[in-house]
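Some notes on the structure that comes next.
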Amino acid sequence: MEQYDPRAIESKWQAVWDDERAFSVPDSTEDLASEGKTYVLEMLPYPSGQLHMGHVRNYMLGEVVAHFRRRHGYRVLRPMGFDSFGLPAENAAIREGGHPRDVTPRNIAGMRRQMTRLGWAIDWDRTLSTHDPEYYRWTQWLFLKFYEQGLVYRKEVPVKWCPNDQTVLANEQVIDGHCERCGAEVEAKSLEQWLFRITAYADRLLDEMDLLESWPERVLTMQRNWIGRSQGAEVLFRVDGLDVDIPVFTTRPDTLFGATFFVLAPEHPLVERLVDGTPHEREVRAYVRRTGARSAVERETKEKDGVFTGRFVVNPVNEARIPVWVSDYVLMEYGTGAIMAVPAHDERDFAFAERYSLAVKPVVVPAGDDADAEHDGAFVAHSDDEVVVNSAQFSGLSAPEAKRAIVEWLEGRGSARFATGYRLRDWLLSRQRYWGTPIPIVHCERCGIVPLPEDQLPVLLPDVDDYLPKGRSPLAAAEHWVRTECPSCGGEARRETDTMDTFVDSSWYFLRYTDPNNRAAAFDRRIVDYWLPVNQYIGGVEHAILHLLYSRFFTKVLNDMGMVGFREPFARLFTQGMVYYRGAKMSKSKGNVVDPTEYVERHGADAVRLYLPFLGPVDQDAEWQDTGFDGMVRFLRKLWRVVIDQADREPSDGAAGQAPASALHRKAHRTIAKVTDDIGRRFAMNTPIASVMELVNDLARAPDDRSARFAAETAVSLIQPYAPHVAEELWQRLGYERLWEHPWPKADPALLVEERFELVVQVNGKVRDRIEITGDLTEDELVDRAKQSPRVQAQLDGKHVRRAVVVPRKLVNLVIG
RNA sequence: GCCGAAGUGGCGGAAUUGGCAGACGCGCUGGACUCAAAAUCCAGUGCCCUUCGGGGCGUGUGGGUUCGAUUCCCACCUUCGGCACCA
Numbered sequence: 006m007e008q009y010d011p012r013a014i015e016s017k018w019q020a021v022w023d024d025e026r027a028f029s030v031p032d033s034t035e036d037l038a039s040e041g042k043t044y045v046l047e048m049l050p051y052p053s054g055q056l057h058m059g060h061v062r063n064y065m066l067g068e069v070v071a072h073f074r075r076r077h078g079y080r081v082l083r084p085m086g087f088d089s090f091g092l093p094a095e096n097a098a099i100r101e102g103g104h105p106r107d108v109t110p111r112n113i114a115g116m117r118r119q120m121t122r123l124g125w126a127i128d129w130d131r132t133l134s135t136h137d138p139e140y141y142r143w144t145q146w147l148f149l150k151f152y153e154q155g156l157v158y159r160k161e162v163p164v165k166w167c168p169n170d171q172t173v174l175a176n177e178q179v180i181d182g183h184c185e186r187c188g189a190e191v192e193a194k195s196l197e198q199w200l201f202r203i204t205a206y207a208d209r210l211l212d213e214m215d216l217l218e219s220w221p222e223r224v225l226t227m228q229r230n231w232i233g234r235s236q237g238a239e240v241l242f243r244v245d246g247l248d249v250d251i252p253v254f255t256t257r258p259d260t261l262f263g264a265t266f267f268v269l270a271p272e273h274p275l276v277e278r279l280v281d282g283t284p285h286e287r288e289v290r291a292y293v294r295r296t297g298a299r300s301a302v303e304r305e306t307k308e309k310d311g312v313f314t315g316r317f318v319v320n321p322v323n324e325a326r327i328p329v330w331v332s333d334y335v336l337m338e339y340g341t342g343a344i345m346a347v348p349a350h351d352e353r354d355f356a357f358a359e360r361y362s363l364a365v366k367p368v369v370v371p372a373g374d375d376a377d378a379e380h381d382g383a384f385v386a387h388s389d390d391e392v393v394v395n396s397a398q399f400s401g402l403s404a405p406e407a408k409r410a411i412v413e414w415l416e417g418r419g420s421a422r423f424a425t426g427y428r429l430r431d432w433l434l435s436r437q438r439y440w441g442t443p444i445p446i447v448h449c450e451r452c453g454i455v456p457l458p459e460d461q462l463p464v465l466l467p468d469v470d471d472y473l474p475k476g477r478s479p480l481a482a483a484e485h486w487v488r489t490e491c492p493s494c495g496g497e498a499r500r501e502t503d504t505m506d507t508f509v510d511s512s513w514y515f516l517r518y519t520d521p522n523n524r525a526a527a528f529d530r531r532i533v534d535y536w537l538p539v540n541q542y543i544g545g546v547e548h549a550i551l552h553l554l555y556s557r558f559f560t561k562v563l564n565d566m567g568m569v570g571f572r573e574p575f576a577r578l579f580t581q582g583m584v585y586y587r588g589a590k591m592s593k594s595k596g597n598v599v600d601p602t603e604y605v606e607r608h609g610a611d612a613v614r615l616y617l618p619f620l621g622p623v624d625q626d627a628e629w630q631d632t633g634f635d636g637m638v639r640f641l642r643k644l645w646r647v648v649i650d651q652a653d654r655e656p657s658d659g660a661a662g663q664a665p666a667s668a669l670h671r672k673a674h675r676t677i678a679k680v681t682d683d684i685g686r687r688f689a690m691n692t693p694i695a696s697v698m699e700l701v702n703d704l705a706r707a708p709d710d711r712s713a714r715f716a717a718e719t720a721v722s723l724i725q726p727y728a729p730h731v732a733e734e735l736w737q738r739l740g741y742e743r744l745w746e747h748p749w750p751k752a753d754p755a756l757l758v759e760e761r762f763e764l765v766v767q768v769n770g771k772v773r774d775r776i777e778i779t780g781d782l783t784e785d786e787l788v789d790r791a792k793q794s795p796r797v798q799a800q801l802d803g804k805h806v807r808r809a810v811v812v813p814r815k816l817v818n819l820v821i822g
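Numbering (the numbering used here), first residue to last: 6 to 822.
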């Protein structure tokens with residue numbers, strides 16, 4: 006018999022698919038019925054230059070879904086591109102010691118070759134690279150649109166600076182005070198930067214989660230935490246002796262009577278005014294300077310410290326004068342940068358009060374406690390059923406009642422209002438790095454900040470040889486490029502030299518795929534509305550916040566501008582676990598990458614394609630193991646052998662099971678049902694492979710069964726999304742054509758149950774016997790059979806059967822005693 | 001600290017609605033084929049006891065609900081992930 010030769014088979018079919026444009030969908034806007042489309046998308050990779058097993062695991066998900074849906078008659082869009090602009094791509098170039106303009110295209114070509122070799126069913130006619138001027142001109146165009154809407158602004162802001170990558174980072178890119186990419190400790194600086202006003206969409210990013218059809222709960226939770234909406238109030242405190250009101254944000258207005266001091270962030274603009282010309286001036290200024298030099302990590306971990314300003318504010322609820330301190334445990338970026346401190350009910354305030362011997366005044370107690378049940382001067386943890394005490398006319402109210410009542414009362418007097426606080430900050434988008442989308446702005450001495458007119462796009466990235474990061478944008482070195490003409494007044498002007506964060510590039514690429522060759526617009530709304538939302542988006546959980554939040558934000562803005570007709574880009578999201586190897590996440594920067602190419606060369610793409618999903622549930626992390634791989638190779642050889650054996654026999658008409666259907670015939674139908682349910686409903690990608698293996702094992706044991714050929718055809722058909730090359734070749738040898746668009750098999754419900762089954766007989770819940778049952782018996786008959794079993798008789802030993810539980814076609818449990 | 005996920009043979013894992021725990025694969029053991037090896041095939045493989053009929057134990061730990069629990073409830077342990085001075 007002819008040997009299974011993956012190399013020959015795989016190149017043969019890859020050439021066929023390429024010639025036929027088998028996985029492309031037409032570009033035209035004609036014939037776009039709203040029904041029957043599927044947009045399957047995996048997050049686009051950055052061109053590291055090398056595919057690793059994590060990619061294969063990720064893309065196999067989309068692969069299986071795409072084949073499965075295509076064979077169910079859907080028109081499937083499944084594009085692929087490269088996130089080739091920005092820091093990751095630039096760092097890849099630095100690693101390889103070349104210039105990104107040379108390294109990036111080379112890496113893209115290499116990865117695309119690897120993908121092609123794996124036989125992925127991708128519409129390569131729609132590929133895009135974010136560093137391509139034809140792409141980034143539209144990134145710039147979108148930036149200008151956002152600018153017009155007031156959603157982009159430039160501001161001096163406290164920033165997180167990565168000393169290693171020599172650039173600012175977005176808040177989302179800082180993890181535990183360290184750079185998300187390189188792990189260096191992040192420094193605090195204050196710089197003029199560009200920001201997207203994503204906070205304007207905080208409520209909608211939360212509330213419109215309802216529109217999402219299927220997203221993992223943990224991702225939604227992470228986004229909710231990140232946005233961090235909390236309801237509370239803004240309360241004004243009048244500075245004693247100055248005509249100034251300072252607002253504070255609090256979620257606990259019920260504790261207003263317990264405020265014993267007041268704290269400003271060191272960066273608070275009023276600090277200067279409060280101490281100017283007072284004896285406290287020197288000390289406060291020194292403190293502000295000292296804290297400014299602290300790193301983010303230091304600021305968060307050191308013991309709380311601060312200085313008294315000599316000033317007092319008046320608590321609007323009781324006219325109490327409370328001292329104003331400055332401390333960096335209060336953050337300028339959250340709330341109003343000032344807080345009322347209630348040490349009796351806030352751990353942080355309590356720690357500060359202890360250190361500086363400030364008063365502690367309890368004003369809420371757990372229900373049932375005596376009003377003054379001496380928690381004197383101690384911190385009381387928050388409980389669900391608190392009652393307000395020591396709070397004038399509000400004493401005795403429950404905490405929730407008091408919250409509302411106190412704010413309403415103050416509102417009437419003009420010193421408070423209900424307010425909402427968010428943890429989410431605006432998205433800092435500018436980067437002081439070379440390899441990114443230039444920001445289409447010029448700075449004119451006369452006109453200030455001037456956005457470029459659309460007809461001057463794209464602003465091409467200047468060719469700069471020394472592109473290495475040096476703390477200010479390398480674009481500044483391209484003097485001929487920087488000097489330009491102001492589009493507004495025609496005078497001398499300088500171009501903006503910062504580039505955009507990579508995540509800007511990837512916040513709209515899924516729209517461009519639908520209309521990738523449009524030279525007149527970023528995309529055509531009719532086409533984008535046809536394909537979007539993405540039916541199944543697939544990617545790593547590490548993007549749960551960053552990319553997924555930004556893309557949702559972009560989509561909402563574009564929806565508001567009337568450019569797209571939907572509000573959420575990704576209806577269903579699947580986040581797959583990471584691939585580990587030798588105890589660490591497999592990644593090029595960790596140096597523990599297992600290269601799929603090696604395995605593909607030795608054993609073929611199909612074996613690699615089978616193994617990664619087979620490794621385990623895709624939503625969980627998996628450890629790469631060399632040892633199991635051989636099993637896939639063996640399975641493919643076995644499949645080949647048993648199917649080729651059947652190919653010589655009579656073609657099956659699909660109804661080979663004239664009654665009574667053989668056990669093998671029924672097994673084939675059960676396998677169809679199982680695989681279909683696993684892929685289509687459960688999104689379980691490992692168990693379908695096991696099911697087909699079972700079918701093939703059964704077939705190998707019964708090659709002469711009259712349904713053997715049908716079983717062979719079924720196995721080939723079902724394994725096609727995983728191993729399309731060998732499946733296609735076997736399909737051809739079975740006498741058919743074009744399996745990739747052949748309808749997915751249907752299970753006959755009548756054949757899903759075994760004709761005979763094993764009745765499990767339990768006595769007091771323990772399995773004591775299994776009896777072969779043929780045909781349909783009533784429950785009473787089943788119980789009788791169970792009782793007749795000699796093994797059961799031995800257990801009964803004359804005892805009385807008190808009760809019998811029957812599960813039809815499965816089990817009888819006799820309760821004796 | 002708060003929130004979430006997970007814990008099943010030597011290993012990866014399966015068991016979908018509370019109903020046969022360990023599918024499938026790896027590994028291992030024995031056998032067939034072979035001059036030999038590879039490949040392939042067949043049989044076995046949770047642990048303990050056994051008079052070989054079978055019996056006992058077993059899904060992180062301890063309780064509970066139930067005729068019956070890997071599955072539901074309570075408490076705890078361990079691992080991983082997210083958040084963490086957010087007022």
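C-beta atoms are modelled at their ideal positions from N, C-alpha and C, and glycine is treated no differently.
- Inter-residue distance for residue 360 and residue 287 is about 22 Å (C-alpha atoms, whole angstroms).
- Its Cα nearest to that of residue 693, the residue 728 stands out among 713, 728, 705, 670.
- Taking the Cβ atoms as the reference, residue 493 lies roughly 5 Å from residue 455, within the contact range of under 8 Å.
- By the CB criterion at 8 Å, residue 119 and residue 56 fall inside the cutoff.
- Beta-bridge partners assigned by DSSP to residue 779: 761.
- In this chain, the beta strand (DSSP E) harbouring residue 448 covers 446 to 449.
- Residue environment analysis places residue 8 among the exposed positions, since fewer than 16 neighbouring C-beta atoms fall within 10 angstroms of its C-beta.
- Annotation for residue 396: 262, 368 place their beta carbon closer than 6 Å to its own, counting only its chain and skipping 5 residues before and after.
- If the five residues before and after residue 275 are omitted, its C-beta is found closer than 7 Å to the C-beta atoms of 249, 251, 269, all from its own chain and listed in chain order.
- Annotation note: the region 706 to 776 contains the following uninterrupted beta strand (DSSP E) runs of length 3 or greater, listed N- to C-terminal: 761 to 768.
- By the beta-carbon neighbour count (other beta carbons within 10 angstroms, threshold 16), residue 180 is exposed.
- With a contact defined as Cβ atoms closer than 8 Å, residue 82 and residue 51 miss out at about 22 Å.
- Pairing residue 508 with residue 643, the inter-Cα distance amounts to about 46 Å.
- In this structure the region 87 to 99 does not touch the region 516 to 529; the number of beta carbon pairs closer than 8 Å is below three.
- Residue 61 sits close to residue 601, with the two beta carbons spaced by under 8 Å.
- In the DSSP assignment, residue 160 forms a beta bridge with 198.
- Cβ-Cβ distances below 7 Å link residue 19 to 121, 124 in the same chain, with the five nearest sequence neighbours on each side left out; the list follows chain order.
- Counting along the chain, residue 682 sits inside the alpha helix (DSSP H) bounded by residues 668 to 682.
- Beta bridge pairing from DSSP links residue 606 with no other residue.
- Shown here, residue 688 sits in coil according to DSSP, grouped into three states, outside any helix or strand.
- In this structure, residue 15 places its C-beta atom within 8 Å of the C-beta atom of residue 609.
- For residue 250, there is no enclosing alpha helix (DSSP H); the enclosing beta strand (DSSP E) covers residues 250 to 255.
- Counted as a single uninterrupted DSSP element, the alpha helix (DSSP H) harbouring residue 109 occupies residues 105 to 122.
- Put simply, the backbone Cα of residue 488 is about 18 Å away from that of residue 470.
- Within 10 angstroms of the beta-carbon of residue 6 lie fewer than 16 other beta-carbons, which makes it exposed.
- Look at residue 48 here: in three-state DSSP terms it is coil, with no helix or strand label.
- Two segments are said to touch when three or more pairs of C-beta atoms, one from each, lie closer than 8 Å; by this definition the region 161 to 168 touches the region 194 to 213.
- Secondary structure of residue 696 (DSSP, three-state): helix.
- Here the alpha carbons of residue 22 and residue 736 stand approximately 15 Å from one another.
- Burial state of residue 665 is exposed, judged by a 10 Å Cβ sphere holding fewer than 16 other Cβ atoms.
- Bounds of the beta strand (DSSP E) holding residue 371 are 369 to 371.
- In the structure shown, residue 596 adopts coil according to DSSP, grouped into three states.
- As DSSP reads the structure, residue 269 sits in a beta bridge with 331, 343.
- Between residue 409 and residue 423, the alpha-carbon positions lie close to 9 Å from each other.
- Around the beta carbon of residue 358, 16 or more other beta carbons sit within 10 angstroms, so the residue counts as buried.
- Taking a 10 Å sphere around the C-beta of residue 100, we find fewer than 16 other C-beta atoms and assign the residue as exposed.
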